[in-house]
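Everything below concerns the one structure shown next.
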Amino acid sequence: MFRFAEPEYLWLLLLVPVAVAVYVFYRRAQRRRLERFGDRDVIRELMPEASTKRVRNKFILTAVALTLMICALAQPQFGAKLHEVKRKGVEIMVAVDVSNSMLAEDFAPNRLERTKNAVGRLIEQLDKDRVGMVVFAGEAYIQLPITSDYISAKSFVGGLDPAMVPIQGTSMERAIDLGVRSFSEQSRQSRALILVTDGESHDDDPLAAAQRAKEAGVVIYTVGIGTPQGAPITIDGEMMKDDDGQIVVSKLNEQTLQQIAVLTGGSYVRASERTVGLDEILKQIDRMEKKEFSSMAFADYNDQFHYLLAAALLLLLVEFLMLDRKNRFLTRISVFKTR
Numbered sequence: 007m008f009r010f011a012e013p014e015y016l017w018l019l020l021l022v023p024v025a026v027a028v029y030v031f032y033r034r035a036q037r038r039r040l041e042r043f044g045d046r047d048v049i050r051e052l053m054p055e056a057s058t059k060r061v062r063n064k065f066i067l068t069a070v071a072l073t074l075m076i077c078a079l080a081q082p083q084f085g086a087k088l089h090e091v092k093r094k095g096v097e098i099m100v101a102v103d104v105s106n107s108m109l110a111e112d113f114a115p116n117r118l119e120r121t122k123n124a125v126g127r128l129i130e131q132l133d134k135d136r137v138g139m140v141v142f143a144g145e146a147y148i149q150l151p152i153t154s155d156y157i158s159a160k161s162f163v164g165g166l167d168p169a170m171v172p173i174q175g176t177s178m179e180r181a182i183d184l185g186v187r188s189f190s191e192q193s194r195q196s197r198a199l200i201l202v203t204d205g206e207s208h209d210d211d212p213l214a215a216a217q218r219a220k221e222a223g224v225v226i227y228t229v230g231i232g233t234p235q236g237a238p239i240t241i242d243g244e245m246m247k248d249d250d251g252q253i254v255v256s257k258l259n260e261q262t263l264q265q266i267a268v269l270t271g272g273s274y275v276r277a278s279e280r281t282v283g284l285d286e287i288l289k290q291i292d293r294m295e296k297k298e299f300s301s302m303a304f305a306d307y308n309d310q311f312h313y314l315l316a317a318a319l320l321l322l323l324v325e326f327l328m329l330d331r332k333n334r335f336l337t338r339i340s341v342f343k344t345r
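Per my numbering, the sequence shown runs over residues 7 to 345.
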């Protein structure tokens, strides 16, 4: 497996196109200055030793050497082998409501964006736990299976959007059932499901799903995001309206979320403008019984930057030895000359 240990240095590669632009500008300005003295062909005969190709080739060598040195600075590495990593932790499945009601703006910029930011920060705090993600609206889908790859998990969070689930509504029952089925067999009694929603469930029975989750050894922590007063739902700059033309106002439904949490031995947190509440929930999850999980990971990363540095130094040496002008002595030598 290949990686850069210090990838932030790759931003320096932006210097290469800047250098190319400066070089092109300089060469054009130099050409215009020469044209002021007369015809280009006449000037070329007066300057037989001048070589534009050599100047260009010297710049290309320098630019490539600069690119290699920047890549070397980022410390490229190869993983030498796969090995089994054992950790003790909890499996955490995060179920995120992506229904249209999550676009309500009683939380700035809206409920869904606040949720995405909070879940992203939650993943950043994980160390030995495993995490997965379910998205739901009228249906529920696995967005990310249980994994220890926190980088991939965080990248999935950024893509959460109501368009991910074609059937609208808020089916917490389907979300809970799918979340429970997504845990691994080895994690029993170390399973936590975090349900982030405004609680507006339609035509299903989330309490029945919570009872099934309890029987499967899953503790559910619920986060209510929104306000009891509610807010209109804005889609593409327009407020959603019902069949009668009335503006739809989405309100937080706390009662069901509280019942789900109590039934499974978890807790309920109402999000606020200051915090969504996932930090508090993570502290409670840390007190749960830990299970040992095993996963395969690359280890013994070997640095490869010295190869790039060697190539860069070789190119700089060639550039240094290459003259700007043609060598009169060498031009008289013809290796393939025959008598």
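Glycine residues also receive a C-beta, built at the ideal position from the N, C-alpha and C atoms.
Mapping DSSP to helix, strand and coil, what is residue i?
i    : result
L258 : coil
F10  : strand
T337 : Note that T337 scores 48 on pLDDT, short of 50, meaning its location in the model is unreliable and no value can be drawn from it.
V268 : helix
F113 : coil
T240 : strand
Q192 : helix
S107 : helix
E6   : Only positions 7 to 345 of the chain appear in this structure, which leaves residue 6 out of reach.
R42  : coil
L321 : helix
Q174 : coil
L329 : coil
Return yes when the Cβ of residue j is within less than 8 Å of the Cβ of residue i, no when it is not.
i    : j    : result
S107 : P151 : no
V104 : F65  : no
M139 : A159 : yes
L258 : T233 : yes
P212 : T153 : no
V255 : D248 : no
L314 : A78  : yes
R197 : V224 : yes
Just reading off the alpha helix (DSSP H) that residue i is part of, what are its end residues?
i    : result
V125 : R117 to Q131
L199 : Not the alpha helix (DSSP H): L199 falls in the beta strand (DSSP E), residues R197 to T203.
R136 : Segment R136 to F142 is the beta strand (DSSP E) holding R136; no alpha helix (DSSP H) there.
Q290 : L284 to D292
On the DSSP letters alone, give me the boundaries of the beta strand (DSSP E) that residue i sits inside.
i    : result
M178 : Segment M178 to R187 is the alpha helix (DSSP H) holding M178; no beta strand (DSSP E) there.
P151 : A146 to T153
I231 : Looking at the DSSP string, I231 is not in any beta strand (DSSP E), and its letter there is neither H nor E.
V275 : Y274 to R276
Looking only at DSSP bridge pairs, what is residue i linked to?
i    : result
Q83  : R9 and D309
I157 : Answer is none; I157 lacks a bridge partner.
K297 : G95
D248 : Answer is none; D248 lacks a bridge partner.
P168 : In DSSP, P168 forms no bridge with anything.
V225 : A198
A101 : V140 and L201
I253 : K247
Any beta carbon of chain B sitting closer than 8 Å to that of residue i?
i    : result
A159 : Chain labels in this structure do not include chain B; a single protein chain is all it has.
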